[in-house]
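>
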Amino acid sequence: MGLELAPVKVQSGFLLPSIHSWPAFFTYQPNPRTFSTQREHWTTLILTYARFARIWELKVGDVDDAASGGVWGEVLHNPRLKPPRTIGRKMLQILLEQLIEEERALPDPPKQSSSVILCWRTIPEWAGILHDWAVTTGQTNTILTLFEISNPQVPSDLSGMPEPLLRRAIALLQKTGKAQVIEGADGGGVRFFP
Amino acid sequence: MHRLGGAGIGGLQRQTQATQAYKPLSSAISRSQIDSLQQQLATFREALTRFAREHRNDIRRNPEFRQQFQQMCAAIGVDPLAGPRKGGWWAELIGYGDWTYELAIQIVEICVNTRDINGGLIEMDEVLRMVRRLRALGEDDGSEAISEEDIVRSVHTLSVLGAGYQIVTVGHRKMLRIVPQELDTDQAAVLEVAQEAGGQVNEGLLVLRKKWTVERARTALENMLMRDGLCWIDDQAEEGIVYWVPSVMIWAEE
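Just so you know, the protein sequences line up as chains B and X, in that order.
Each residue of the first sequence is one higher than the one before, starting from 25 at the first, in the numbering used here.
Each residue of the second sequence is one higher than the one before, starting from 8 at the first, in the numbering used here.
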């Protein structure tokens, strides 16, 4: 019988899928059909982990400290394999490009693809959460700064949300008349409508 | 010349007369044969119906009994899977056809779901495990058990779909193959070596175990990787480049 591949619960409490114990998962697969499966498993894993651990950013450079306790170590590296495996930079680069294309990541800074903000919820989902938050906390029709939204006194789902992602969610609400962006010094603000 | 049958006009006339004389006799015999056959058939049918009624549950639950039932049917030339048009009463009484088709559908489901990872090749044990999982059965759940023969028979029913499902033997193990093209002997040899080595294989191992040239080993691996998608490449192993065969691994439940 071959090796048994099972899900593994890591220190953070996250449950890694069986395929993470598959040594070849960490090497770029040259067969296009195999690769599309591999890519799908990787992007799902990355987004699920980001949401679990509330990590907003992922860069190709995260590969470098994956083996030495970096924030992405539990996912990009598997020390239980002999020898341990780490995802290749080329592979991670392709995954980031794919995530950007699917609008599950925003390039940050813009116009490159080796450093991104992850949309572990889609932008329309974030827009919905943002609007619900404004309504349930009674903050409609008042001007809020972006800082107030991502650093609320009572922690919310929006705590720590990077500004580019927040702006995209607000832009979507503005289109449907649920928010109004107010330009100004210090980054301006936003007014939500019920 | 000596003519036994009496060729010529006279001989022909004699033959015609004889044939005509036999006709009424022969049809009388046929009628009685048909009557008797119909009677036998009715008895047989009654017996089978009783058998089906009595053993319906055994056939569905007990793999050994099912196997023997299958052998009995084959011996008497009855197809228990015959559809409604050819003797559906049999399948209906036992529910055996439905049972086999249900299993076939589950096998297709398993093959389709795992194909992207394993390239369309899956071990029989893995199929059995996954069917049990689909049916939420325990490892040693005696009732409703599924055996290897059941899988083989269900796969056989799939052949009418022309879907290219076939059972191949690699080493000492049965595997289910879903891709239309046949496994060539080199691929089978690679799979066998990978099975023995816990799922991984490389050029050196093939040269050592199969006495192949490096070129032959390289070509076989390259084909399995690029053409068939039957293995994945790994460039971080101790031995350098190795290939992993997903179909010989056990994939635990997520």
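Think of the CB as a built atom: it goes at the ideal place given N, C-alpha and C, for glycine as much as any other residue.
Measuring alpha carbon to alpha carbon, tell me which of L142/B, E64/B, G93/B ends up nearest E187/B.
The candidate whose alpha carbon is nearest that of E187/B is L142/B.
> Taking the alpha carbon of I240/X as the reference point, which residue from W46/B, S42/B, E28/B has its own alpha carbon closest?
That would be W46/B, whose Cα lies nearest to the Cα of I240/X.
> Cβ of I167/B within 9 Å of Cβ of R215/B?
Result yes, Cβ atoms of I167/B and R215/B sit closer than 9 Å.
> F49/B CB to nearest chain X CB: under 9 Å?
Output row for F49/B: interface = yes.
> So, for F59/B: in the same chain, excluding its five sequence neighbours on each side, which residues have a beta-carbon less than 8 Å away from its beta-carbon?
So the qualifying residues of the chain are Y52, Q53.
> Count the other CB atoms within 10 Å of the CB of R73/X; is the residue buried (16 or more) or exposed (fewer)?
Classification of R73/X: buried, given that the 10 Å Cβ count is 16 or more.
> Roughly how many angstroms separate the alpha carbons of G211/X and N125/X, rounded to a whole number?
Spanning the two alpha carbons is a distance of roughly 23 Å.
> Using a beta-carbon distance below 9 Å, is T200/B in contact with chain X?
No, because no Cβ of chain X sits closer than 9 Å to the Cβ of T200/B.
> To which residues does DSSP link L142/B through a beta bridge?
L142/B pairs with A129/B.
> Check the DSSP bridge columns for N12/B and list the partner residues they point to.
Past the edges of chain B, shown from 25 to 218, lies residue 12/B, and the structure says nothing about it.
> Give the list of continuous alpha helix (DSSP H) stretches no shorter than 4 residues that lie fully inside the segment 35-118 of chain B.
Those alpha helix (DSSP H) runs which fall completely within the segment 35-118 of chain B and span 4+ residues are 56-77, 97-100.
> Indicate whether M183/X and Q173/X have their beta-carbon atoms separated by less than 9 Å.
According to the sequence as given, residue 183/X is Leu; it is not Met. Yes, they are a contact pair.
> In the structure shown, what three-state DSSP assignment does K135/B receive?
If DSSP states are grouped into helix, strand and coil, K135/B belongs with coil.
> State the start and end residues of the unbroken beta strand (DSSP E) segment that holds I7/X.
The structure shown does not extend to residue 7/X, since chain X spans only 8 to 261, so no value can be given for it.
> Check the C-beta distance from V1/X over to M231/X and give it rounded, since I have them as a contact under 8 Å.
Absent from the model: residue 1/X. The displayed extent of chain X is 8 to 261, so no value can be given.
> Starting from Y250/X, follow its DSSP beta bridges and name the residues at the other end.
Paired residues: V208/X, I240/X.
> L71/B touches chain X at which residues, Cβ-Cβ below 7 Å?
Here the premise fails: no neighbours, minimum Cβ distance about 16 Å.
> Helix, strand or coil: which one does DSSP assign to F76/X?
Helix.
> In angstroms, rounded to a whole number, what distance separates the CA positions of V119/X and L141/X?
Going from the Cα of V119/X to the Cα of L141/X covers about 14 Å.
> Can a CB atom of chain B be found closer than 9 Å to the CB of G211/X?
Chain B contact via Cβ: absent.
> Against M233/X, what residues of chain B qualify as contacts under a CB-to-CB distance less than 8 Å, listed in chain order?
Simply P54, N55.
> Reducing DSSP to helix, strand and coil, say where V115/X ends up.
Looking at V115/X - three-state DSSP - the assignment turns out to be helix.
> Contact defined as beta carbons within less than 8 Å: I believe I124/B pairs with S137/B. What is the distance between those atoms, to the nearest angstrom?
6 Å between Cβ atoms; contact.
> Could you check which residue in K199/B, G201/B, S139/B, G211/B has the C-alpha nearest to that of P173/B?
Note that residue 173/B is Ile in the sequence shown, not Pro. Ranking K199/B, G201/B, S139/B, G211/B by Cα distance to I173/B puts G211/B first.
> Among L135/X, Q77/X, R63/X, whose alpha-carbon lies nearest the alpha-carbon of A152/X?
The shortest C-alpha separation from A152/X is found at L135/X.
> Given G90/X, which residues of its chain have a CB within under 6 Å of its CB, disregarding the five upstream and five downstream residues?
Residue confidence is low: G90/X scores 47 on pLDDT, short of 50, so the model does not pin down where it sits. No coordinate-derived value is stated.
> Within 10 Å of its beta-carbon, does K106/B have 16 or more other beta-carbons around it, so buried, or fewer, so exposed?
Exposed, because fewer than 16 other Cβ atoms sit within 10 Å of the Cβ of K106/B.
> Please compile the residues from chain X whose C-beta is within a distance smaller than 8 Å of the C-beta of T61/B.
What T61/B touches in chain X: D123, I124.
> Which one of M137/X, G127/X, T107/X has the shortest CA to CA distance from E156/X?
The shortest Cα separation from E156/X among M137/X, G127/X, T107/X belongs to T107/X.
> Between A244/X and chain B, is any beta-carbon pair separated by less than 9 Å?
It does: the Cβ of A244/X has a partner Cβ on chain B nearer than 9 Å.
> Please report the straight-line C-alpha distance between G93/B and D191/X, rounded to a whole angstrom.
Using only the alpha carbons, I get a separation of about 46 Å.
> Secondary structure at Q6/X, three-state DSSP: helix, strand or coil?
Beyond the ends of chain X as shown, which are 8 and 261, falls residue 6/X; an answer cannot be given.
> Output needed for A224/X: all residues of its chain with C-beta closer than 7 Å, excluding positions within five of it in sequence on either side, in chain order.
So the qualifying residues of the chain are E210, L213, V214.
> Does the Cβ of A49/X have 16 or more other Cβ atoms within 10 Å, making it buried, or fewer, making it exposed?
When all chains shown are included, A49/X counts as exposed.
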